[in-house]
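Chains as they are written, first to last, in my numbering: chain F, 3 to 478; chain D, 174 to 334. Glycine included, every Cβ here is placed at the ideal spot set by N, Cα and C. It should be emphasised that the depicted structure is a prediction, and the values quoted were computed from it without experimental measurement. Okay, structure first, notes after.
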Amino acid sequence: MPRQTIVIDPVTRIEGHSKISIHLDESGAVEEAYFHVTQFRGFEKFCEGRPFSEMPSLMARICGICPVSHLIASAKACDALMAVQIPPAAVKLRRVLNLAQIIQSHALSFFHLSSPDLLLGLDSDPAKRHIFGILEAHPTLAKDGIRLRQFGQQVIEWMAGKRIHPAWVVPGGVSAPLSAEHRDQTLAGIPEAIEIARRTLDWFKGILPKFKEEIDTFGNFPSLYMSLVDADGGWEHYDGGVRIIDSSGKILTFQSPGSDYPQYIGEAVEPWSYLKFPFYKPLGYPQGLYRVGPLARLNIAQRCGTTHGAPELTQFKELQKGPVSSSFHYHLARLVEILISLEKMEKLLNDPEILSPHVRAVAGANNFEGVGVSEAPRGILFHHYKINEEGLITWANLIIATGHNNLAMNFGILQVAQHFVKAKKLTEGMLNRVEAVIRTYDPCLSCSTHALGRMPLLVQLVSKEGEVLDQLQRNE
Amino acid sequence: MIPVLIIGYGNPLRSDDGVGWHAAQALLNEWPSGKVRVEAAHQLLPEMADWIGEAGCVVFIDACWDVMPGRLRSRAIHAERTGTAPMTHQFSPQRLLADAAHLFHHSPEAVVVSVGGGSFEHGEELSRPVEAVFPDLLAQVKRTVQKCLVKSDCKRVEAHA
Chain F
3 MPRQTIVIDP VTRIEGHSKI SIHLDESGAV EEAYFHVTQF RGFEKFCEGR PFSEMPSLMA
63 RICGICPVSH LIASAKACDA LMAVQIPPAA VKLRRVLNLA QIIQSHALSF FHLSSPDLLL
123 GLDSDPAKRH IFGILEAHPT LAKDGIRLRQ FGQQVIEWMA GKRIHPAWVV PGGVSAPLSA
183 EHRDQTLAGI PEAIEIARRT LDWFKGILPK FKEEIDTFGN FPSLYMSLVD ADGGWEHYDG
243 GVRIIDSSGK ILTFQSPGSD YPQYIGEAVE PWSYLKFPFY KPLGYPQGLY RVGPLARLNI
303 AQRCGTTHGA PELTQFKELQ KGPVSSSFHY HLARLVEILI SLEKMEKLLN DPEILSPHVR
363 AVAGANNFEG VGVSEAPRGI LFHHYKINEE GLITWANLII ATGHNNLAMN FGILQVAQHF
423 VKAKKLTEGM LNRVEAVIRT YDPCLSCSTH ALGRMPLLVQ LVSKEGEVLD QLQRNE
Chain D
174 MIPVLIIGYG NPLRSDDGVG WHAAQALLNE WPSGKVRVEA AHQLLPEMAD WIGEAGCVVF
234 IDACWDVMPG RLRSRAIHAE RTGTAPMTHQ FSPQRLLADA AHLFHHSPEA VVVSVGGGSF
294 EHGEELSRPV EAVFPDLLAQ VKRTVQKCLV KSDCKRVEAH A
């Protein structure tokens with residue numbers, strides 16, 4: 003039997019454009035699998051020459067789902083260029099905004115993109131396996147998803163003026179204080195949001211045993227993990243230090259400030275993808291594979307300090323001795339993080355300082371280089387800028403969460419393909435599982451396109467001679 | 174329940190596609206009474222079913238390509254369980270009404286006020302025909318809202334009687 007390649011193009015229910023190719027050996031066994039990111043953005047290049055003060059607004063345009071994450075990391079890089087300490091109220095306001103972002107983005111990932119697989123089944127009819135199928139078959143869960151995402155989006159609008167691409171976070175702080183009215187409106191919505199998060203978490207934990215095979219094979223491998231932690235090693239999303247642990251939980255990097263990331267993070271490129279492949283330098287490429295995002299944050303955090311979140315974090319850690327290694331558990335980690343984020347938001351909003359009118363430090367450029375680090379919903383985010391004497395950007399490097407997970411996603415699809423794909427006869431459910439492992443990471447490839455269900459898909463089994471042996475096609 | 178909900182949607186970076194968004198922006202402060210909620214959005218989203226489920230009447234404002242550039246069209250629409258397209262970019266007002274009915278047991282009266290677009294290319298400006306008709310578009314939406322408000326008042330009076 004000649005070597006063959008199966009191509010899944012595009013990958014559905016993720017943000018952005020990509021395809022997967024699965025290479026089979028002569029015996030029909032899966033030999034290699036690649037996750038190709040087929041779009042090119044170029045933000046690092048075309049911001050060159052722009053004043054650094056424009057960067058947060060420019061960078062927010064990277065993404066329609068998580069503009070707030072880029073806004074915050076970019077503003078922090080600009081704070082470093084200005085060498086200012088921003089007012090305490092501004093830190094708290096940025097934190098609340100970032101938490102709202104995590105809530106809405108995690109809700110989108112869980113309810114809109116992945117729940118069709120979880121509720122309707124990975125082998126269910128693809129004609130119904132999308133958000134509309136959920137709306138019809140499971141209206142209560144759909145309603146919960148709608149309400150939760152709505153809440154996160156609404157908080158972003160109340161605080162930052164608009165839901166998508168707000169410009170409220172600026173170098174030195176935020177552009178305007180929070181009104182008491184918006185604080186109270188947000189606080190009023192938190193109890194219902196916590197109730198929804200709790201209900202969904204309890205339901206999801208109940209159905210987890212049904213997915214034992216997927217838990218065992220969906221990107222379940224030892225790896226390093228990286229995330230921010232607070233001064234006590236607790237769950238962190240805005241400040242703190244960068245911590246890296248190995249697959250046994252041993253701390254490799256205790257509390258890096260982030261600005262020194264080039265010492266331990268390298269970035270490799272491959273000719274078959276536009277997405278870079280970051281790796282942990284001391285282990286080299288590709289052995290320095292690590293994961294970021296909800297799974298990494300919960301694996302690394304020693305505590306979270308919230309009433310509902312703390313027991314959930316403890317339970318999560320009990321799933322496995324040492325770090326939880328299955329990427330399938332990104333889903334569970336996302337739900338736990340929604341709960342933690344809601345509680346942390348409530349605490350911040352009940353601090354009287356949140357209404358302080360002093361929300362911005364003003365300064366010019368005082369450094370030629372600045373790094374901003376924060377946790378985006380999908381994982382740690384680095385913005386690194388260099389400027390000239392006029393304050394114009396001369397160089398920029400961004401390492402986004404999805405990039406950090408690139409090696410892990412590729413390793414994950416290989417593992418799933420080797421377990422589920424049988425070369426002689428392709429089934430839709432088989433290939434959906436290959437896509438579904440990518441969805442666990444909730445990759446955000448451009449965030450300009452939101453695929454919520456079926457997309458046109460052509461999968462061909464082609465012999466070395468070019469003969470189509472088998473084919474599956476979806477048309478819209 | 175809010176008597177009238179206006180959703181003006183479209184991409185303001187794609188010329189006339191953003192006319193609904195521009196119209197909603199222009200109408201944001203038109204009704205300080207709180208009886209009309211105005212939302213400007215880049216696209217329709219499943220979350221909007223929640224708003225629709227709490228509205229007495231909905232007015233959608235959008236660009237369209239199947240009428241002459243600069244022409245206005247106003248038509249009543251009803252809930253339809255069609256368009257299970259995977260992309261939210263193709264999510265229809267009819268589908269939103271259906272989802273509101275299914276999830277929140279309420280499907281309000283709804284009208285789509287559309288403008289024929291002349292250009293959907295990259296750009297923040299409206300094409301000349303659409304720019305010229307923009308004041309008429311706002312006037313049309315205001316008339317529609319007024320009718321909805323009158324109906325809403327009548328219903329309230331009937332309820333009290």
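Environment of residue i [buried if 16+ CB atoms lie within 10 Å]
i                : result
Glu220 (chain D) : buried
Ile180 (chain D) : buried
Gln319 (chain D) : exposed
Ser329 (chain F) : buried
His72 (chain F)  : buried
Asn434 (chain F) : buried
Leu186 (chain D) : exposed
Ile8 (chain F)   : buried
Cys446 (chain F) : buried
Leu276 (chain D) : buried
Leu201 (chain D) : exposed
For residue i, three-class secondary structure by DSSP
i                : result
Asp125 (chain F) : coil
Trp237 (chain F) : strand
Pro458 (chain F) : Any reading at Pro458 (chain F) is ruled out, since the residue's pLDDT is 36, under 50, leaving its predicted position unreliable.
Ala62 (chain F)  : helix
Arg248 (chain D) : strand
Gln289 (chain F) : coil
Tyr332 (chain F) : helix
Arg476 (chain F) : With a pLDDT of only 48 at Arg476 (chain F), under 50, the local geometry of the prediction cannot be trusted, and the value read off the model is given with reservation. Of the three classes helix, strand and coil, the one that applies to Arg476 (chain F) here is strand, per DSSP.
Asn301 (chain F) : helix
Cys68 (chain F)  : coil
Ile198 (chain F) : helix
Met347 (chain F) : helix
Ser250 (chain F) : coil
His25 (chain F)  : strand
Thr308 (chain F) : coil
Arg5 (chain F)   : coil
Tyr276 (chain F) : coil
Gly30 (chain F)  : coil
Leu230 (chain F) : strand
His184 (chain F) : helix
Leu99 (chain F)  : helix
Closer than 7 Å: residue i CB and nearest the ligand FMN heavy atom
i                : result
Tyr287 (chain F) : This structure lacks the ligand FMN; in fact it carries no ligand of any kind.
C-alpha gap between residue i and residue j, whole angstroms
i                : j                : result
Gly183 (chain D) : Ser265 (chain D) : 12 Å
Gly163 (chain F) : Ala213 (chain D) : 12 Å
Ala75 (chain F)  : Val284 (chain D) : 42 Å
Leu350 (chain F) : Lys94 (chain F)  : 7 Å
Gln322 (chain F) : Val231 (chain F) : 21 Å
Thr316 (chain F) : Ala92 (chain F)  : 31 Å
Arg362 (chain F) : Ser111 (chain F) : 33 Å
Gln87 (chain F)  : Pro173 (chain F) : 11 Å
Pro84 (chain F)  : Glu253 (chain D) : In the sequence as displayed, the identity of residue 84 (chain F) is Met instead of Pro. Roughly 55 Å separates the two Cα atoms.
Arg244 (chain D) : Ile340 (chain F) : 46 Å
Leu337 (chain F) : His331 (chain F) : 10 Å
Gly372 (chain F) : Pro379 (chain F) : 22 Å
Val364 (chain F) : Pro89 (chain F)  : 10 Å
Arg96 (chain F)  : Asp127 (chain F) : 43 Å
Glu33 (chain F)  : Gln420 (chain F) : 8 Å
Ser287 (chain D) : Ile198 (chain F) : 37 Å
His333 (chain F) : Val39 (chain F)  : 22 Å
Ala305 (chain D) : Ser206 (chain D) : 29 Å
Gly139 (chain D) : Asp190 (chain D) : With chain D covering 174 to 334 only, the question about residue 139 (chain D) has no answer from this structure.
Pro313 (chain F) : Ala274 (chain D) : 38 Å
Ala398 (chain F) : Met57 (chain F)  : 10 Å
Leu344 (chain F) : Ile267 (chain F) : 31 Å
Pro308 (chain D) : Val192 (chain D) : 11 Å
Leu99 (chain F)  : Tyr240 (chain F) : 10 Å
Beta carbon proximity, residue i to chain C, threshold 8 Å
i                : result
Ile105 (chain F) : The structure shown contains no chain C; the protein chains it does contain are F and D.
Item to check | Complete runs of the alpha helix (DSSP H) confined to the stretch 387-442 of chain F [at least 4 residues] | outcome: If only complete runs of 4 or more residues are kept, the stretch 387-442 of chain F shows the alpha helix (DSSP H) at 403-406, 408-422 and 430-442, in order along the chain.
Checklist entry - For the stretch 271-285 of chain D, which residues have a beta carbon sitting closer than 8 Å to at least one beta carbon of chain F? => result Under the 8 Å Cβ criterion, the stretch 271-285 of chain D contributes Asp272, His275, Leu276 and Phe277.
Checklist entry - Listed in chain order, which residues of the stretch 217-229 of chain D have Cβ atoms closer than 7 Å to some Cβ of chain F? => result Residues passing the 7 Å Cβ filter: Pro219, Glu220, Ala222 and Asp223.
Checklist entry - What residues from the stretch 204-217 of chain D come within 7 Å of chain F, judged by C-beta to C-beta, listed N to C? => result Taking 7 Å as the Cβ-Cβ cut-off against chain F, the residues of the stretch 204-217 of chain D that qualify are His215.
Item to check | alpha helix (DSSP H) segments (min. 4 residues) lying fully within the stretch 261-306 of chain D | outcome: If you keep only unbroken alpha helix (DSSP H) runs of at least 4 residues inside the stretch 261-306 of chain D, you get 266-277.
Item to check | Members of the stretch 176-210 of chain F near chain D, C-beta cut-off 8 Å | outcome: Cβ contacts with chain D come from no residue of the stretch 176-210 of chain F.
Next on the checklist: For a minimum of 4 consecutive residues, which ranges assigned as the alpha helix (DSSP H) are wholly contained in the stretch 116-175 of chain F?
Outcome noted: Those alpha helix (DSSP H) runs which fall completely within the stretch 116-175 of chain F and span 4+ residues are 133-139 and 141-162.
Item to check | Near-chain D residues of the stretch 33-60 of chain F - C-beta to any C-beta below 7 Å | outcome: Sequence-ordered contacts of the stretch 33-60 of chain F with chain D are nonexistent [C-beta pairs closer than 7 Å].
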